[in-house]
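Heads up: the protein sequence lines correspond to chains A and B, in order.
Each residue of the first sequence is one higher than the last, beginning at 53 in our numbering.
Each residue of the second sequence is one higher than the last, beginning at 420 in our numbering.
Backbone N, C-alpha and C define an ideal beta-carbon position, used for all residues, glycine too.
On a predicted model such as this, the values are computed, not experimentally measured, just so you know.
For reference, the structure discussed in these notes is given below.
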Amino acid sequence: MNSSVVDPAQRSGRFAAFHIDLPLLLGLLALLGFGLVILYSATGQSEAMMKAQVIRLGVALAVMAGVAQLSPQTIRRWAVALFSIGLLMLIAVLLFGYVGKGAQRWLDLGFMKFQPSEIMKLAVPMAVAWFIASHNLPPRLGHLFVGFMMCAVPTLLIAKQPDLGTSLLIAMSGVFVLFMAGMSWRLISFIAVLVSAFAPVMWYFLMHDYQRQRVLTFLNPETDPLGSGYHIIQSKIAIGSGGVDGKGWLQGTQSQLEFLPERHTDFIFSVLSEEFGLIGVILLLAIYLFIIGRGLVIASKAQDNFSKLVAASFTLTFFVYVFVNIGMVSGLLPVVGVPLPLVSYGGTSMVTLMAAFGVLMSVSTHKRMLANV
Amino acid sequence: MLKKRVAMQDIAAETRLFNSRAVVAMLIVCFAFSVILLNMYNLQVRSYQDYQIRSEGNRIKVLPLAPNRGLISDRNGILLAENRPVFSLELVPEQIDDIDVTLSSLAELIEISSEQQQDFLQQVRQQRRFNSIALKERLNEQEVAIISVNLHRFPGVTVEARLSRHYPFGDLFTHALGYIGKINTNDLQRLEEQGVLANYAASREIGKLGLERYYEEQLHGTMGFQEVEVNNRGRVIRVLRSVPARSGKNIRLSLDVGLQLTAQQTLNQSRGAIVAMDPRDGAVLAFYSNPSYDPNLFVHGISSSAYNALLHSPDRPLINRATQGIYPPASTIKPHLALLGLETNTVQPGTKVWDPGYFTLPNSDHRFRDWKRGGHGWVDVYSAVVQSCDIYFYDLGIKLGIDRISDYMRQFGFGERTGIDIHEEASANMPSRGWKRARFNQPWYPGDTVPLSIGQSFWTATPLQLAVSTAVIINKGMMPTPHMAAELSSADSIEPVEPGLRPVVTVSDERNWDIVAEAMVQTVATLKGTAHTAFKNTEYSSGGKTGTAQVVAIAQDAKYDADALDERQRDNAMYIGFAPAENPTVVFAVVVENTGGGGSIGAPAGRQLLDYYFSAGVNTNE
């Protein structure tokens, strides 16, 4: 853990000059590379889709590199502004938003359609971190309350779109900041109890029918094998039939014959499991674990509390994405429509994630200059 | 205030706090990943077999392949039941840009009714896009040609051929061949009971009647299958394994098309039946029941109006008169009774009986008449058969008694099914004391025996039984089991049908057989013989026996009108025969309903049959 501190200049000096954290970059490239291999199979060897994904990766990497050039101080200064703009956009989306797939998530800016919730994935933890870091740690109860409110408002706005999955993830990213800032365990237990008490309220008053159905299906997919349980059953068959060493690349019958739904997006992990088996799963988890570990290391080495909190929150949110997606396709969690980060086919979320990694790189590389002063 | 707080900031404590939280976070992450891994272990290692099987079950489907039904030919290999391609116009929706345009273009080429179009569009909505859907079935040759030359204009449109049963001779062989028809619930139940239902997974039709039904197991063949890989929508991606269907066995019959045609022409407009058989092995050479009907009607499902017309026709075409026609045998059984008389020493060859033209029982003044007014005078066993003297047989019958007659005639096969290779067969009736008691709860009277002695009253027989009983006389007691199938052949083997000759009648004096056979030859050869006129100037020798039965027709339909009733009260003309006189190769029986005498109608029909038989050399060259 100490090696990167002891000798950062020699090993990653050249990258540090470009504000790139080499271990994180390697981890990300390994993940993206592995992801492309799986995606080629999951898209049914579609060259067009591969091309689109590679272009998106290029854009996302460029965004990451660009964000990495900003110093944490600059990012901190922008946090509140970004949060405010995001909030306004969320309100705008509810008023004039574009309805797609039954939910009002998109804002048509004329030249492009845009999902403001993507901004909030970054802005909420940044703004909460900004607020908490401007006081001593651990935060006092009053500050925590303000922090929670900063999470709650955008969460409710997004939940109303309705996009429960994203809203919960955004709430979580803010709560991670509070947790890392040292919120007392007593309070954490209290909130846990409160949330469990809130669950029935959510079930009866806030959740839509399709969301309830997802939960019911999750609890017992076999009751509805041709309806909504179909996805999860087929996914488990794909994973289970992969065995230890898998059926081989491009050889997964569940994937290639399309028994697996959404195989190139939400269920891409099942493709991996089927074709590469438990060995492939372990490899992927190892890469994820490395990236998460590196993210937490960067956070703990950061020099100011804002950087620490933001870096840790982004890292843990990334972990939650991984866990929710894998849990969902393997039957541990209900199907909520969260892509496997940086592997699933698709655009905006990838750019957002890479921007977050850009922030991590900024935190990782800018601090040394300060330290050397 | 801000300043104060900053001043109070304890950087070391804050770092410790944050780092401890980071460690907790990392532990949570590791725990979560362990949960994932444990779940993966459960799925991929512990439940691997289970999911492996389900995965295979998903992708592999077994498609049954119907076997081709065996062909049926006559003794010379002329096809009597064949499989013909029928063509249907089919479309694959996913390969067609605009179905409406394609439909209207096709409708300009050949006639496609709006009903067919509606049905098709309905199917398009219900079925998968990649399935081929029939627009018009059973195209005629012209339509096939028109579509074929224009096929390049219509991607996604095909002319599909599938095999369908066809009987090229129409009504000529119906009562022998039977027909096949769509498998119905009764058939399914029967197949299930026989444990062969699985073999019919791809079959649409099954033998319903006649040989098609009797030899169903052999004709059907063995289903094949294709193991295919399918995707989630059931589209076949590739064939993994294919086991071809094994065609059913081809059956060559002993029937002869020419002899069959002769039988049909002989019966012409009359109701009746003709059966001809080789007495040496039971091979049936002709098997015709008139009127007949076209079995092709049944293959694609007969319309109810057409079926009702057949069912309610007063001529009863659906009844197989050769094996289900129940006729009083009349005088055709006199040779059999003569043999019994000789065998039991009731009469000797030289015994003469005075025929005054009538017969009375002791203590009775009821006169049983001879067919010939004034009688035949003195008759012996030869002249009694040759001239068909009734009085001789009344006398003989009374002396023999019902018990001996019944037992002995049963040995000739009367009252028993012959066991021919179709299921449509009646046993007819050989009466006995027990039978009359059971049937009418009455004792047997001597007055019952008198008409029985000339094959009237309760005694009935089918034309096939008559032919078989004739064969027993020719074979000196050996009865052949009649069969129409001569051999069953598959790609790698030919199995002939076993003749099945068995001894049924034993005699104490072998010469008695010769006496009876000689009497039958004289019936044809001598001037007084009842069949002499009919067989004048033949180039071959033969033997036979005429019969004239006074009966109502087998159609006991109360509804027919007076004119028809009159016609149906006329005599049935009967004739049984064999040829050549020495070492016969053919025996036959003719029944012509309600036309007249055995000598004037029956025997000439027999002659027509034999004329063809010898001129064509049906089975004489073997």
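Round the Cβ separation of residue i and residue j to the nearest angstrom and send it over; I've been treating them as touching at under 8 Å.
{"i": "Val676(B)", "j": "Ile497(B)", "result": "5 Å"}
{"i": "Arg488(B)", "j": "Ala905(B)", "result": "With a Cβ gap of about 18 Å, Arg488(B) and Ala905(B) do not count as contacting."}
{"i": "Ala290(A)", "j": "Glu326(A)", "result": "4 Å"}
{"i": "Pro748(B)", "j": "Val804(B)", "result": "With a Cβ gap of about 14 Å, Pro748(B) and Val804(B) do not count as contacting."}
{"i": "Thr593(B)", "j": "Tyr726(B)", "result": "Incorrect: roughly 14 Å between the Cβ atoms, too far for contact."}
{"i": "Ile72(A)", "j": "Thr417(A)", "result": "7 Å"}
{"i": "Gly966(B)", "j": "Ser825(B)", "result": "Not a contact, Cβ separation roughly 19 Å."}
{"i": "Gln1062(B)", "j": "Ile531(B)", "result": "In the structure as shown, chain B starts at 420 and stops at 1041, and residue 1062(B) therefore has no counterpart that could be examined."}
{"i": "Leu230(A)", "j": "Val176(A)", "result": "Going by Cβ atoms, the distance from Leu230(A) to Val176(A) rounds to 11 Å, so no, they are not a contact pair."}
{"i": "His585(B)", "j": "Asn715(B)", "result": "6 Å"}
{"i": "Ser414(A)", "j": "Pro124(A)", "result": "6 Å"}
So which residues of chain A does residue i contact, with C-beta pairs closer than 8 Å?
{"i": "Tyr467(B)", "result": "Gly292, Ser293, Gly295, Val296"}
{"i": "Arg660(B)", "result": "None at all; the shortest Cβ gap to chain A is about 15 Å."}
{"i": "Leu456(B)", "result": "Val333, Ile334, Leu337"}
{"i": "Gln471(B)", "result": "Gly292, Ser293, Gly295"}
Could you name the residues of chain A that residue i contacts, counting a contact when the two beta carbons are closer than 7 Å?
{"i": "Leu462(B)", "result": "Lys288, Ile291, Gly292, Ser382"}
{"i": "Arg440(B)", "result": "Phe231, Met232, Gly234"}
{"i": "Phe452(B)", "result": "Leu337, Leu341"}
{"i": "Met642(B)", "result": "Those do not exist, as Met642(B) stays about 26 Å from chain A at its closest Cβ, beyond 7 Å."}
{"i": "Glu433(B)", "result": "Leu189, Asn357"}
I'd like to confirm the pairing. Which residues does DSSP put opposite residue i in its beta bridges?
{"i": "Pro504(B)", "result": "Leu582(B)"}
{"i": "Thr879(B)", "result": "Asn848(B)"}
{"i": "Met116(A)", "result": "None, per the DSSP bridge assignment."}
{"i": "Gln830(B)", "result": "None, per the DSSP bridge assignment."}
{"i": "Ile137(A)", "result": "Note: Ile137(A) sits in no beta bridge, so no partner."}
{"i": "Ile996(B)", "result": "At residue 996(B) the sequence reads Gly, which differs from the Ile that was named. Paired residue(s): Gly963(B), Phe1007(B)."}
{"i": "Gly643(B)", "result": "Leu484(B)"}
{"i": "Asn669(B)", "result": "Ser908(B)"}
{"i": "Ser492(B)", "result": "Leu498(B), Arg671(B)"}
{"i": "Arg657(B)", "result": "Glu648(B)"}
{"i": "Lys555(B)", "result": "Leu508(B)"}
{"i": "Ile479(B)", "result": "Glu648(B)"}
{"i": "Asn357(A)", "result": "None; Asn357(A) has no bridge partner."}
Residue i versus chain B: which residues are under 9 Å apart at the beta carbon?
{"i": "Ser325(A)", "result": "Met459, Leu462, Gln463"}
{"i": "Ile350(A)", "result": "Near Ile350(A) there are no residues of chain B at all, since even the closest Cβ is about 10 Å away, more than 9 Å."}
{"i": "Ala364(A)", "result": "Phe437, Arg440, Ala441, Ala444"}
{"i": "Gly300(A)", "result": "Those do not exist, as Gly300(A) stays about 14 Å from chain B at its closest Cβ, beyond 9 Å."}
{"i": "Phe375(A)", "result": "Val448, Ala451, Phe452, Val454, Ile455"}
{"i": "Ala368(A)", "result": "Looking at the sequence shown, residue 368(A) is not Ala but Leu. Residues of chain B passing the Cβ test: Ala444, Ile447, Val448."}
Can you pull the chain B residues whose beta carbon is under 7 Å from the beta carbon of residue i, in chain order?
{"i": "Phe358(A)", "result": "In chain order: nothing, as chain B lies at least about 12 Å away."}
{"i": "Ile344(A)", "result": "Val448"}
{"i": "Phe371(A)", "result": "Val448"}
Determine the chain B residues that contact residue i at a beta-carbon separation under 8 Å, and present them in chain order.
{"i": "Ile378(A)", "result": "Ile455"}
{"i": "Ile72(A)", "result": "Under the 8 Å cutoff, chain B gives no residues; its nearest Cβ is about 22 Å from Ile72(A)."}
Could you check whether the Cβ of residue i sits closer than 7 Å to any Cβ belonging to chain E?
{"i": "Leu392(A)", "result": "Reference to chain E is not applicable here, since the protein chains of this structure are A and B."}
Of all the alpha helix (DSSP H) runs that stay within the bounds of the segment 886-970 of chain B, which reach a length of 4 or more residues? 930-944
So within the segment 559-627 of chain B, which uninterrupted beta strand (DSSP E) runs reach at least 3 residues, ignoring any that extend past its ends? 576-585, 599-601, 624-626
Of all the alpha helix (DSSP H) runs that stay within the bounds of the segment 739-800 of chain B, which reach a length of 4 or more residues? 740-743, 753-762
Of all the alpha helix (DSSP H) runs that stay within the bounds of the segment 165-244 of chain A, which reach a length of 4 or more residues? 168-185, 193-211, 216-232
Relative to chain A, which residues along the segment 646-672 of chain B have a C-beta separation below 8 Å, given in chain order? Glu648, Val649, Asn650, Asn651, Arg652, Ile656
Using a Cβ cut-off of 7 Å, which residues of the segment 498-522 of chain B contact any Cβ in chain A, in chain order? none
Interface positions of the segment 305-330 of chain A facing chain B (Cβ-Cβ less than 9 Å), listed along the chain: Thr305, Gln306, Gln308, Leu309, Glu310, Phe311, Leu312, Pro313, Ser325, Glu326, Gly329, Leu330
Pick out the complete beta strand (DSSP E) segments inside the segment 660-716 of chain B, 3 residues or longer, and give them in chain order. 669-672, 691-696, 703-709
Report the residues of the segment 544-571 of chain B with a CB closer than 9 Å to any CB of chain A, ordered along the chain. none
In the segment 277-339 of chain A, which residue ranges form an unbroken alpha helix (DSSP H) of at least 4 residues, counting only runs that do not cross its ends? 281-294, 305-308
Chain-ordered residues of the segment 242-253 of chain A with a beta carbon less than 7 Å from chain B: none
Selection of the segment 171-195 of chain A by Cβ proximity to chain B, strictly under 7 Å: His187, Asn188, Leu189, Pro190
Taking only beta carbons into account, state which residues of the segment 473-489 of chain B come closer than 7 Å to chain A, listed in chain order. Arg473, Ser474, Asn477, Arg478
Return the chain-ordered ranges of every alpha helix (DSSP H) run that is complete within the segment 509-534 of chain B and spans a minimum of 4 residues. 518-528
Short of 7 Å Cβ to Cβ, which residues in the segment 906-934 of chain B face chain A? none
In the segment 64-110 of chain A, which residue ranges form an unbroken alpha helix (DSSP H) of at least 4 residues, counting only runs that do not cross its ends? 74-94
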